[in-house]
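A.B. asks:
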Amino acid sequence: MADLHLHRILKAPRSAVWDCWTNPEHIPQWFAPKPVVTRVLAFDPRPGGAFDIVMSMNGEEFPHQPGCFLEVVPQERLTWTSALGPDFRPVDATGAPFLFTATLTFADHPEGTDYRVVARHKDEASAQAHEEMGFSQGWGTVAEQLGAYAATLGR
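According to the working numbering, the sequence shown is numbered sequentially starting from 3.
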């Protein structure tokens with residue numbers, strides 16, 4: 003399978019974790035492993051809405067691929083892709099190392115939130131490139147930052 007998976011129990015209420023993912027003012031606080039700086043260019047969590055976040059470190063921007071939200075089920079599931087832009091328009095993927103679709107699920111757990119991510123890729127080579135770029139470590143660190151930040155929101 004060309005899928006990468008992440009599963010964490012976040013010690014924060016599901017409503018707070020969801021808010022961190024759907025309210026763009028929270029994104030810079032947790033979205034990239036520190037000390038990476040995150041800037042939200044566009045963030046409209048609705049089907050067809052834009053997803054465009056730029057990350058940088060020491061003033062240098064990382065390559066990024068804007069995306070599009072595909073599915074938004076409040077408090078339960080969020081799906082977005084780098085293969086489409088706003089309003090489901092195909093993107094120019096020239097120069098992109100790979101395209102992927104991410105599905106995030108949120109469920110109540112006795113300790114907070116059961117948080118799961120599936121990153122789907124076209125093929126094994128794309129999934130391997132994403133893993134080599136740091137999917138497991140990077141998204142794992144980000145999940146921990148997300149949980150810690152969401153816990154401060156006290157919902």
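Idealized CB from N, CA, C, for every residue including glycine.
Using the Cα positions of residue 93 and residue 87, report the straight-line distance between them to the nearest angstrom.
C.D. replies: Whole-angstrom Cα-Cα distance: 6 Å.
A.B. asks: Could you check where the alpha helix (DSSP H) with residue 150 kicks off and where it finishes?
C.D. replies: Taken as a continuous stretch (DSSP letters only), the alpha helix (DSSP H) holding residue 150 covers 142-155.
A.B. asks: For residue 20, which residues from the same chain have a beta carbon less than 6 Å from its beta carbon, with the 5 sequence-adjacent residues on both sides left out?
C.D. replies: Excluding positions up to five away in sequence, the list reads 77, 108.
A.B. asks: Give me the Cα-Cα distance between residue 142 and residue 16, rounded to the nearest whole angstrom.
C.D. replies: Answer to the nearest angstrom: the Cα atoms are 18 Å apart.
A.B. asks: Quick check on DSSP: helix, strand or coil for residue 58?
C.D. replies: If DSSP states are grouped into helix, strand and coil, residue 58 belongs with the strands.
A.B. asks: Note down the Cα distance separating residue 63 from residue 56, rounded to an integer number of angstroms.
C.D. replies: Taking the straight line from one Cα to the other gives about 7 Å.
A.B. asks: Note the first and the last residue of the continuous beta strand (DSSP E) segment covering residue 113.
C.D. replies: Counting along the chain, residue 113 falls outside any beta strand (DSSP E), and DSSP gives it neither H nor E.
A.B. asks: Using the three-state DSSP reduction, which class does residue 119 fall into: helix, strand or coil?
C.D. replies: DSSP places residue 119 in strand when its eight states are reduced to three.
A.B. asks: Could you pull the start and end residues of the beta strand (DSSP E) that residue 32 belongs to?
C.D. replies: It is not in any beta strand (DSSP E) - residue 32 carries neither H nor E in the DSSP assignment.
A.B. asks: For the beta strand (DSSP E) holding residue 81, just list the boundary residues, first then last.
C.D. replies: Note, residue 81: beta strand (DSSP E), 79-83.
A.B. asks: Does the Cβ of residue 90 have 16 or more other Cβ atoms within 10 Å, making it buried, or fewer, making it exposed?
C.D. replies: Counting Cβ neighbours within 10 Å, residue 90 comes out exposed, since fewer than 16 surround it.
A.B. asks: On a Cα-Cα basis, can you pick out the residue from 11, 5, 37, 4 that is closest to residue 115?
C.D. replies: Nearest option by C-alpha distance: 11.
A.B. asks: Which residue wins for smallest C-alpha separation from residue 65, given the options 149, 79, 54?
C.D. replies: Closest option to residue 65, Cα to Cα, is 54.
A.B. asks: What does the Cβ neighbour count give for residue 95, buried or exposed, with the cut at 16 atoms within 10 Å?
C.D. replies: Classification for residue 95: exposed.
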